[in-house]
Amino acid sequence: MSNNKTLVVVVGPTASGKTSLAIQLANDLNTEIISTDSRQFYKELQIGTAAPTEEELNAAKHHLIGNLSIHDYYNVSMYENDALNASSEIFKDHEHVVAVGGSGLYINALCDGIDEIPDPKPEVRKQLAEDLETKGLDYIQSLLKEKDPDFYKIVDINNPKRVLRALEVCLTTGESFTKYRVKNLTERPFNIIKIGLLWNRELLVDRIHQRVDIMIQQGLIEEAKAMHQYKHLNSLNTVGYKELFDYFEDKCTLEFAIEKIKTNTRRYAKRQMTWFRKDQNIVWFAPDQYEEMLKFVRQY
RNA sequence: GGUACCAUAGCUCAGUUGGUAGAGCAAAGGACUGAAAAUCCUUGUGUCCUUGGUUCGAUUCCGAGUGGUACCA
-3 MSNNKTLVVV VGPTASGKTS LAIQLANDLN TEIISTDSRQ FYKELQIGTA
47 APTEEELNAA KHHLIGNLSI HDYYNVSMYE NDALNASSEI FKDHEHVVAV
97 GGSGLYINAL CDGIDEIPDP KPEVRKQLAE DLETKGLDYI QSLLKEKDPD
147 FYKIVDINNP KRVLRALEVC LTTGESFTKY RVKNLTERPF NIIKIGLLWN
197 RELLVDRIHQ RVDIMIQQGL IEEAKAMHQY KHLNSLNTVG YKELFDYFED
247 KCTLEFAIEK IKTNTRRYAK RQMTWFRKDQ NIVWFAPDQY EEMLKFVRQY
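Taken in order, the first sequence gives residues -3 to 296; the numbers are from my numbering.
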């Protein structure tokens, strides 16, 4: 498909400098930014998610940043919808859209689409969570074996989230999860190019540690404290918050909690790289190669 | 200065009744289509502080040295 509209996806691990790169690109391409970050949606979580600052938000128009509350239910499918709507709005009078963020699943949803699967009934989801709690993983595994033997064979069977997800679809629809999980890729009405920020591991680790220290200085503890009462929400199962909750509950010292944030951030960065390495469409650049990146992007 | 205890993986430590060693954490690799900053899987060779002795064989026992910790002066 030939097209003069292009989505420029900026990827990289956390703390790699994606936010400022995206702003530069958006300015040089005279366009706007869509977030692909599954935590910066939440308006209550700013410091801990390294969301763009007010200054950064003024430097380029951002979409899907701070557009949700931690209390909102949200998922990838809703995101796909929101992100496509935002991009088609921007494409109306721009040649490019810049997408930036570190959530691989959400990036894939925007670029390739995801299968249409009916939403699970809340009571089904609730019952399954209870079954897992009271009857154990063995039980829900055997239930999946019965409801969807094909998926049972290939699923990451020790991963409760995967097993529950498949089951909630089976029990809601009365059909197998496999039936819905066809993995059809969707062709988008725009070109997609992906550029990645490739850091030397040790340098990135230094940046992560420094950024955590800065977040603390900026008031992460206060921000997390205000969120403490909502710790059960999924949106708060987030690095930078959950560790501080332990500190608030006297389960560890502040120093320990901060170290733990650093460790968990390092591990998050590692998982992101595992995801991105698999994506052959990403063109990688060293962090200081801005001119090269811009030149590359301008070919499209 | 004296006495006691300790020295094993990046860290905290276990262990070998003498046959060259293993947990947790960290780290590395990976999976992942509606909770994804989530969730899950795999991976442990290291002068067992140095040196002399005993022994077929010492990381293990004995001596000395070095370093650390505690107590006594």
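Just so it is clear, CB atoms sit at the ideal spot from N, CA and C, and this is done for glycine as well. Source: prediction; values computed, not measured.
Self-check item: Reduced DSSP category for H310 - H, G, I as helix; E, B as strand; rest coil
Solution: What the structure shows of the chain is the stretch from -3 to 296, and residue 310 is not part of that stretch, so it cannot be assessed.
Quiz prompt | Three-state class that DSSP yields for V151 in the structure shown | solution = Here residue 151 refers to the residue found at position 155 when the first sequence is read from its first residue. Here V151 sits in coil by DSSP.
Quiz prompt | Local Cβ density within 10 Å of T15, reported as buried at 16 or more and exposed below that | solution = Your numbering for residue 15 matches position 19 in the first sequence. Per the 10 Å Cβ criterion, buried.
Quiz prompt | Span of the beta strand (DSSP E) around V7 | solution = To locate residue 7, count along the first sequence from 1; it is residue 11. Start and end: T2 to V7.
Quiz item: Using the C-alpha atoms, what's the distance from Y38 back to I66?
Solution: What you label residue 66 is simply residue 70 of the first sequence in a count that begins at 1. What you label residue 38 is simply residue 42 of the first sequence in a count that begins at 1. Approximately 6 Å, taken between the alpha carbons.
Practice problem: Using a threshold of 8 Å, state whether the C-beta atoms of A95 and T32 are closer than that. | Solution: Taking the first sequence and counting its residues from 1, the one referred to as residue 95 is at position 99. Taking the first sequence and counting its residues from 1, the one referred to as residue 32 is at position 36. Yes.
Exercise. Give the straight-line distance between the Cα atoms of G8 and L21, rounded to the nearest whole angstrom.
Key: Taking the first sequence and counting its residues from 1, one reaches residue 8 at position 12. Taking the first sequence and counting its residues from 1, one reaches residue 21 at position 25. Taking the straight line from one Cα to the other gives about 15 Å.
Practice problem: With a 10 Å radius around its C-beta and 16 neighbouring C-beta atoms as the bar for buried, classify N0 as buried or exposed. | Solution: As a working mapping, residue 0 is identified with position 4 in the first sequence. It is exposed - the Cβ of N0 has fewer than 16 other Cβ atoms within 10 Å.
Practice problem: Drop a sphere of 10 angstroms on the beta-carbon of L139, count the other beta-carbons inside from all chains shown, and report buried for 16 or more, exposed for fewer. | Solution: Within the first sequence, numbered from 1, the residue matching residue 139 stands at position 143. Buried.
Quiz item: Pick from Q36, D108 and E219: whose alpha carbon is nearest that of T302?
Solution: It is not possible to answer for residue 302, since the shown part of the chain is limited to -3 through 296.
Quiz item: Between the Cα of I204 and the Cα atoms of V5, T2, A11 and L3, which residue gives the shortest distance?
Solution: Here the question's residue 204 lines up with position 208 in the first sequence. Nearest option by C-alpha distance: A11.
Quiz prompt | Backbone CA spacing between Q137 and D115 [nearest angstrom] | solution = As a first step, residue 137 is located in the first sequence; it is residue number 141 there, counting from the start. As a first step, residue 115 is located in the first sequence; it is residue number 119 there, counting from the start. When rounded, the distance between both Cα atoms is 21 Å.
Quiz prompt | Short Cβ contact (8 Å threshold) for Y296 with T27 | solution = The residue given as residue 296 occupies position 300 in the first sequence. The residue given as residue 27 occupies position 31 in the first sequence. Between Y296 and T27, the C-beta gap is not smaller than 8 Å, which leaves the two residues out of contact.
Self-check item: DSSP-derived helix/strand/coil call for G100
Solution: Translated into positions along the first sequence, residue 100 becomes position 104. Correct three-state label for G100: helix.
Self-check item: Status (buried if at least 16 other CB within 10 Å, exposed otherwise) for Y69
Solution: Mapped onto the first sequence, residue 69 falls at position 73. Counting Cβ neighbours within 10 Å, Y69 comes out exposed, since fewer than 16 surround it.
Quiz prompt | G62 versus T49, A162 and N71, residue with shortest Cα-Cα distance | solution = Against the first sequence, residue 62 aligns to sequence position 66. Taking each of T49, A162 and N71 in turn and checking the Cα distance to G62, the smallest one comes out for T49.
Quiz item: Can you give the Cα-Cα distance for A105 and E76, rounded to whole angstroms?
Solution: To locate residue 105, count along the first sequence from 1; it is residue 109. To locate residue 76, count along the first sequence from 1; it is residue 80. Approximately 6 Å between the Cα atoms of the pair.
Quiz item: Among K88, E91, I103 and H92, which one has its Cα closest to the Cα of A79?
Solution: Walking along the first sequence from the start, residue 79 turns up at place 83. A79 has its Cα closest to that of I103, out of K88, E91, I103 and H92.
Quiz item: For V178, does the count of other Cβ atoms within 10 angstroms reach 16, so buried, or fall short, so exposed?
Solution: Here residue 178 refers to the residue found at position 182 when the first sequence is read from its first residue. Per the 10 Å Cβ criterion, exposed.
Quiz item: According to the neighbour-count rule (16 or more other Cβ atoms, all chains shown, within 10 Å of its Cβ), is E142 buried or exposed?
Solution: Taking the first residue of the first sequence as 1, we reach residue 142 at position 146. By the 10 Å Cβ count, E142 comes out exposed.
Quiz prompt | 7 Å Cβ shell around H224 - same chain, five flanking residues per side excluded | solution = Here the question's residue 224 lines up with position 228 in the first sequence. Leaving aside the five residues that flank H224 on each side, the residues in its chain whose CB is nearer than 7 Å to its CB run, in chain order, F241 and F244.
Self-check item: Contact under 8 Å by Cβ, D144 with S172
Solution: Here residue 144 corresponds to residue number 148 of the first sequence, with the count starting at 1. Here residue 172 corresponds to residue number 176 of the first sequence, with the count starting at 1. Contact flag set, yes.
Practice problem: With K299 as the anchor, note down where its alpha helix (DSSP H) starts and where it stops. | Solution: In this structure the chain extends from -3 to 296, so residue 299 is not present and cannot be described.
Quiz item: What are the boundary residues of the alpha helix (DSSP H) that I113 is part of?
Solution: Residue mapping note: residue 113 aligns to position 117 of the first sequence, counting from 1. Element bounds for I113: n/a, residue is neither H nor E.
Quiz item: What's the C-alpha gap between L17 and P185?
Solution: Residue numbering aside, residue 17 sits at position 21 when the first sequence is read from its first letter. Residue numbering aside, residue 185 sits at position 189 when the first sequence is read from its first letter. CA-to-CA, the gap between L17 and P185 works out to about 25 Å.
Practice problem: Measure how close the beta-carbons of A46 and R207 come, nearest whole angstrom, since I'm counting them as under 8 Å. | Solution: The residue given as residue 46 occupies position 50 in the first sequence. The residue given as residue 207 occupies position 211 in the first sequence. With a Cβ gap of about 7 Å, A46 and R207 count as contacting.
Exercise. List in chain order: all unbroken beta strand (DSSP E) runs of 3+ residues lying wholly within the region 154 to 239.
Key: Those beta strand (DSSP E) runs which fall completely within the region 154 to 239 and span 3+ residues are 187 to 193.
Practice problem: Between the Cα of L25 and those of H58, V93 and A55, spot the shortest distance and give me the residue it belongs to. | Solution: As a first step, residue 25 must be located in the first sequence, where it is residue number 29. Of the candidates H58, V93 and A55, the one whose C-alpha sits nearest the C-alpha of L25 is V93.
Self-check item: Span separating the alpha-carbon of N180 from that of E112
Solution: Within the first sequence, the letter at position 184 stands for residue 180. Within the first sequence, the letter at position 116 stands for residue 112. Spanning the two alpha carbons is a distance of roughly 10 Å.
Practice problem: Please work out which residues of its chain come closer than 7 Å, Cβ to Cβ, to T130, disregarding the five sequence neighbours upstream and downstream, and give them in chain order. | Solution: Walking along the first sequence from the start, residue 130 turns up at place 134. Once the five neighbours on either side are set aside, T130 has no close Cβ partner at all.
Practice problem: Below 8 Å CB to CB, which residues in the same chain sit around L133 once its five sequence neighbours on both sides are set aside? | Solution: Locating residue 133 in the first sequence gives position 137, counting from the first residue. Once the five neighbours on either side are set aside, the close Cβ partners of L133 are N154, P156 and V159.
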